[in-house]
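Counting from 1, one number per residue, gives the positions in the sequence shown under the UniProt record's numbering.
Backbone N, C-alpha and C fix where the C-beta goes; we use that ideal spot for every residue, glycine too.
Every value quoted in this text rests on a predicted model; they were computed, and no experiment measured them.
All remarks here apply to the structure that follows.
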Amino acid sequence: MRSTRNTCLVLFHILVFSLLSLKITASPRTQGEALIRWKNTFSFQPSSLSSWSLTNVSNLCNWTSIVCDSTGTVSEINLSGENITGVLTEFNFTEFATLTRFDLSSNNIDGDIPSAIGSLAKLAYLDLSSNFFEGIIPSDIARLTELEYLNLFNNYFNGTIPHQLSNLQKVWYLDLGANLLESPDWSNFSAMPSLQHLSLYYNELDLEFPSFVLNCRNLTYLDLSLNKLSGQIPELVFTNLGKLQYLNLTENQFHGPLSTNISKLSNLVQLRFASNKLGGPIPEDIGLLSDLQLIELFNSSFSGKIPSSLGQLKKLQMLDLHLNALNSTIPSELGLCTNLTYLALAKNQLSGEIGNLINLTSLDLSSNQLSGPIPKTLWDLTNLQGLQLFFNNLNGTIPPEIENLASLATFDVNTNQLYGELPQNISRLPSVKSISLFTNNFSGSIPRDFGRYSQLTYVSFSNNSFSGELPPELCSGFALEDFISLRELSQRAYFHTKGNCPLSWFTAKVKDMRSYRGQAQQG
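Structure, rendered in structure tokens:
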């Protein structure tokens, strides 16, 4: 009996001494000394960390980037954007069991993440983004059961995503984007009910849509873009993930039609499905997503008409459907999208006119089947900065009303059937930088003011029927690297003008251009 009691007494003392030892190990002084040892391994030490010093070790809680808890031990380390160059393998994790926040984002830290990181049992926030970490993501991170925020974005992690990460049931923010990660066996992943923000953007993921995502019903942000995912977009994306506000599947290899259940994503603000192999009609029910501000479905195989229901989207600011096989008229209902600032419908088979979208800043209708005069409504879009109408069948003249477009920076109507003289005020648009008029039937003289404004860096007149003299300002008003159509000037016959730039000028410019292009190719 006495020996049993003595044994228990010995074990009790061992436990007490162990606890005392742990307490001593985690004292403010030993934490300060550990931080200084780590700092001394940096190959670049920012001056902002001058307070990290043995002479100041008693003042740990006032050190730069350090926050202490009520006991005086370190609870937060925030070194974001300090330009640190070093490794995490030199950090003594055992000294920081009290740490709740660890932020090393936007530095120059490389090497592996040590498995010892799993000892930070109280850690709720971990941000290692925008560094040079490499190797695999250690499954030991899954031991951080209090973790709510995990950001490993923009590093060089490779291998498969460890399924153990899905055991982090408190995580609401998970970003593994911009790495070199490969697809795991998604069936080993658990649902993550707390997850609201998930980004796997720009990795090497292939195979089909990650199945575990379909059960993360609280997601509001999902980005799987710039990968190699294939197959059809699962129907459960539309029926299970009704809280999504941001959905980006751009630049994958998804195929098939776009589900008519898209209307069930009733909270969606941004829809980005561009550069896939999706086809068929754009569902009319897309107009029921009343909170949509951005739609990107470009570079796909959508066909049929542009849904007239888009006119119901009063909050829509950006619509990009270029490079598809849409073959209808442009619905007049688009004119009801009064908040629309960016509209790209290029490279389809569209006809018709654009309504009075007074807030448009960029309009691209190039490479379609538009015919007739340039619609008069376009000259009322006074906020336009970019107007692209090239490669159509437009005819008629450019009217003096072009002066209404005071914000216009780019005007491109090349390769149409436009004719007549240019209005004199086209050369006096206050913001214009680029004008492309080539391959039309314009005639008369080129306005004398061309080249007089320093912001004009590109102008192209070739393959028209201009006559008269070339404005002298065109001989000196352009930087060599900006004047893309310089070769046209060297071949004056293209202009059908007498020209008045001296031959020596043409010779010198062509020689300089060849030299410039040669240097660019070598670079």
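Self-check item: Outcome for Phe153 when other beta-carbon atoms lying within 10 angstroms are tallied against a minimum of 16
Solution: Translated into positions along the sequence shown, residue 153 becomes position 153. That one is buried.
Practice problem: Ignore the nearest five residues each way along the sequence and tell me which others in Phe93's own chain have a CB closer than 8 Å to its CB. | Solution: Mapped onto the sequence shown, residue 93 falls at position 93. The answer, listed in chain order, is Pro114, Ala116, Ile117, Ser119 and Leu120.
Quiz item: What three-state label does DSSP hand Asn158 in the structure shown?
Solution: As a first step, residue 158 is located in the sequence shown; it is residue number 158 there, counting from the start. If DSSP states are grouped into helix, strand and coil, Asn158 belongs with the strands.
Quiz item: Between Phe450 and Ser427, is the Cβ-Cβ spacing less than 9 Å?
Solution: As a first step, residue 450 must be located in the sequence shown, where it is residue number 450. As a first step, residue 427 must be located in the sequence shown, where it is residue number 427. Yes, the pair counts as a contact, with Cβ atoms nearer than the cut-off.
Self-check item: Those residues which DSSP pairs with Met318 across a bridge
Solution: The sequence position of residue 318 within the sequence shown is 318, counting from 1. Paired residues: Leu294 and Tyr342.
Quiz prompt | Glu208, DSSP secondary structure in three states | solution = Stepping through the sequence shown from its first residue, residue 208 is reached at position 208. Correct three-state label for Glu208: coil.
Quiz item: Expressed to the nearest angstrom, what Euclidean distance is found between the alpha-carbon atoms of Gln293 and Ser27?
Solution: Residue 293 sits at position 293 when you count from the first residue of the sequence shown. Residue 27 sits at position 27 when you count from the first residue of the sequence shown. Gln293 and Ser27: Cα-Cα distance of roughly 52 Å.
Exercise. Could you say if the segment 79–92 and the segment 134–150 meet the contact criterion of at least three C-beta pairs nearer than 8 Å?
Key: no
Practice problem: Using DSSP bridges, identify the partner residues of Leu363. | Solution: Position 363 of the sequence shown holds residue 363. Per DSSP, Leu343 and Leu387.
Quiz item: Exposed or buried, Thr41, counting other C-beta atoms within 10 Å across all chains shown (16 or more means buried)?
Solution: Translated into positions along the sequence shown, residue 41 becomes position 41. Classification of Thr41: exposed, given that the 10 Å Cβ count is below 16.
Quiz prompt | Nearest-angstrom Cβ-Cβ length linking Asn218 and Asn252, presumed shorter than 8 Å | solution = As a working note, residue 218 is residue 218 in the sequence shown. As a working note, residue 252 is residue 252 in the sequence shown. Contact between Asn218 and Asn252 does not hold, since their C-beta atoms are separated by about 23 Å, which reaches or exceeds 8 Å.
Quiz item: Thinking C-beta only, is Asp291 closer than 9 Å to Asn261?
Solution: What you label residue 261 is simply residue 261 of the sequence shown in a count that begins at 1. What you label residue 291 is simply residue 291 of the sequence shown in a count that begins at 1. Contact: no.
Exercise. Provide the residue(s) that pair with Asp223 in DSSP beta bridges, ordered along the chain.
Key: Against the sequence shown, residue 223 aligns to sequence position 223. Ser199 and Asn248.
Quiz item: Span of the alpha helix (DSSP H) holding Ile36?
Solution: Stepping through the sequence shown from its first residue, residue 36 is reached at position 36. From DSSP, the alpha helix (DSSP H) with Ile36 extends over Pro28 to Lys39.
Quiz item: What's the call for Phe44, buried or exposed, on a 16-neighbour Cβ count within 10 Å?
Solution: Here the question's residue 44 lines up with position 44 in the sequence shown. Per the 10 Å Cβ criterion, exposed.
Exercise. Just mark Pro162 as buried or exposed, buried being the case when its beta carbon has 16 or more other beta carbons within 10 Å.
Key: Counted from its first residue, the sequence shown places residue 162 at position 162. Burial call: buried.
Quiz item: Nearest-angstrom Cα distance between Glu481 and Ser465?
Solution: Walking along the sequence shown from the start, residue 481 turns up at place 481. Walking along the sequence shown from the start, residue 465 turns up at place 465. Note that Glu481 scores 33 on pLDDT, short of 50, meaning its location in the model is unreliable; the coordinates nonetheless yield the value given after this. If you take the alpha carbons of Glu481 and Ser465, they lie about 27 Å apart.
Quiz prompt | Among Ser139, Phe96 and Arg101, the one whose alpha carbon lies nearest that of Asp112 | solution = The residue you call residue 112 lines up with position 112 of the sequence shown. Nearest of Ser139, Phe96 and Arg101 to Asp112, Cα basis: Ser139.
Exercise. Assign Ile109 to one of three DSSP states: helix, strand, or coil.
Key: In the sequence shown, counting from the first residue as 1, residue 109 sits at position 109. It is a strand residue.
Quiz item: From this set, Leu128, Ser407, Ala191 and Leu224, which residue's C-alpha is nearest Lys170's C-alpha?
Solution: Taking the sequence shown and counting its residues from 1, one reaches residue 170 at position 170. Among Leu128, Ser407, Ala191 and Leu224, the Cα nearest to that of Lys170 belongs to Ala191.
Exercise. My understanding is that Glu182 touches Thr250, with C-beta atoms under 8 Å, so please give their C-beta distance in whole angstroms.
Key: Counting from one through the sequence shown, the residue named residue 182 turns up at place 182. Counting from one through the sequence shown, the residue named residue 250 turns up at place 250. Their Cβ separation, rounded to whole angstroms, is 20 Å, which puts Glu182 and Thr250 out of contact at 8 Å.
Practice problem: Measure the alpha-carbon distance for Arg29 versus Leu60 and round it to whole angstroms. | Solution: Translated into positions along the sequence shown, residue 29 becomes position 29. Translated into positions along the sequence shown, residue 60 becomes position 60. Take the alpha-carbon of Arg29 and the one of Leu60: they are about 8 Å apart.
Quiz item: With respect to the beta strand (DSSP E) encompassing Phe132, which residues constitute its N-terminal and C-terminal limits?
Solution: Taking the sequence shown and counting its residues from 1, the one referred to as residue 132 is at position 132. It spans Phe132 to Gly135 - the beta strand (DSSP E) in which Phe132 sits, taken as one unbroken run.
Quiz prompt | Spatial neighbours of Ser80 in its chain, beta-carbon cut-off 6 Å, leaving aside the 5 residues before and after | solution = In the sequence shown, residue 80 corresponds to position 80, counting from 1. Answer for Ser80: Asp103, Ser105 and Ser106, listed in chain order.
Quiz item: Given Phe442, which residues of its chain have a CB within under 8 Å of its CB, disregarding the five upstream and five downstream residues?
Solution: Position 442 of the sequence shown holds residue 442. Cβ within range, chain order: Leu418, Tyr419, Gly420, Glu421, Leu422, Phe461, Asn464, Ser465 and Phe466.
Quiz item: When you compare only the Cα positions, how much space is there between Ser21 and Ser70?
Solution: By 1-based counting over the sequence shown, the position of residue 21 is 21. By 1-based counting over the sequence shown, the position of residue 70 is 70. Unreliable positioning characterises Ser21 in this predicted model, as indicated by a pLDDT of 40, which lies under 50. The coordinate reading is nonetheless provided below. If I take the Cα positions, the gap works out to 20 Å.
Quiz item: When you compare only the Cα positions, how much space is there between Leu176 and Ile141?
Solution: Locating residue 176 in the sequence shown gives position 176, counting from the first residue. Locating residue 141 in the sequence shown gives position 141, counting from the first residue. So the two alpha carbons sit approximately 13 Å from each other.
Quiz item: Is the beta carbon of Ser187 sitting closer than 9 Å to the one on Leu207?
Solution: By 1-based counting over the sequence shown, the position of residue 187 is 187. By 1-based counting over the sequence shown, the position of residue 207 is 207. No.
Self-check item: Integer Cβ distance of Asn276 from Ser303, believed to fall under 8 Å
Solution: Taking the sequence shown and counting its residues from 1, the one referred to as residue 276 is at position 276. Taking the sequence shown and counting its residues from 1, the one referred to as residue 303 is at position 303. Their Cβ separation, rounded to whole angstroms, is 14 Å, which puts Asn276 and Ser303 out of contact at 8 Å.
Exercise. For the segment 394–458, list the beta strand (DSSP E) runs that are entirely contained and at least 3 residues long, ordered along the chain.
Key: Listed in chain order, they are 410–412, 417–421, 434–436 and 441–444.
Self-check item: Close-in-space but distant-in-sequence residues of the same chain around Ser129 (CB under 8 Å, 5 per side omitted)
Solution: What you label residue 129 is simply residue 129 of the sequence shown in a count that begins at 1. Within the same chain, Ser129 has close Cβ partners Ser105, Ser106, Asn151, Leu152, Phe153, Asn154, Asn155 and Asp175.
Quiz prompt | N-terminal and C-terminal residue of the beta strand (DSSP E) that Asn78 is part of | solution = Position 78 of the sequence shown, counting from 1, holds the residue named residue 78. Residues Val74 to Asn78.
Exercise. Compute the distance between the beta-carbons of Leu429 and Leu405, then report whether it is under 9 Å.
Key: The residue labelled residue 429 in the question sits at position 429 within the sequence shown. The residue labelled residue 405 in the question sits at position 405 within the sequence shown. Cβ atoms of Leu429 and Leu405: closer than 9 Å.
Quiz prompt | For Phe93, the three-state DSSP class (helix, strand or coil) | solution = As a position in the sequence shown, residue 93 is number 93, starting the count at 1. In the structure shown, Phe93 sits in a helix (DSSP, three-state: H, G or I).
Quiz item: What is the DSSP secondary structure of Glu182, counted as helix, strand or coil?
Solution: As a position in the sequence shown, residue 182 is number 182, starting the count at 1. It is a strand residue.
Self-check item: Cys61 in three-state terms, based on DSSP
Solution: Reading the sequence shown from its first residue, position 61 is the one you call residue 61. Note: Cys61 maps to helix in three-state DSSP.
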